[in-house]
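Step one of this worksheet: look at the structure below.
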Amino acid sequence: MTILLFGITKDIVGSSTLSVPTSSATGRRIPRTVKELKQFLGETYPELNKLSSLAVAVNNSYATDDEAINSYDEIALIPPVSGG
């Protein structure tokens, strides 16, 4: 599963994309929902937990925490936006 990263999320991870395993070869639970994905990423990159908000888009639409995800979805992390 590939995740597109923007803004501060890109800085935290150190890349504009992130691959999340889609098999249990790592021994970790595979994210099946947006909420599980956020938990997985928060454990892997604890700095993400410090963000005031973190939206997730699945297939070009904002997703709720209970939305199911799979390895074929286009997923993006959208950090808080500031501006004037």
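Take 1 as the starting number for the sequence shown in the UniProt record's numbering and just add one per residue.
Don't be surprised by glycine CBs; every beta carbon is placed ideally from N, CA and C.
- request: Drop a sphere of 10 angstroms on the beta-carbon of P31, count the other beta-carbons inside from all chains shown, and report buried for 16 or more, exposed for fewer.
  value: buried
message: The alpha helix (DSSP H) that contains T9, what's its start and end?
response: 7-13
- request: Grab the span of the alpha helix (DSSP H) containing V58 for me, first residue to last.
  value: Where V58 is concerned, there is no enclosing alpha helix (DSSP H), although the beta strand (DSSP E) it sits in stretches over 55-58.
- prompt: If you run the structure through DSSP and keep just helix, strand and coil, what is T33?
  reply: strand
- prompt: Taking C-alpha atoms, which residue in I12, S53, V20, D73 lies nearest to S61?
  reply: D73
query: What number of angstroms, rounded off, separates the C-alpha of P46 from the C-alpha of L37?
result: 13 Å
message: Comparing C-alpha positions only, which one of S52, V34, I75, P79 sits nearest to T64?
response: V34
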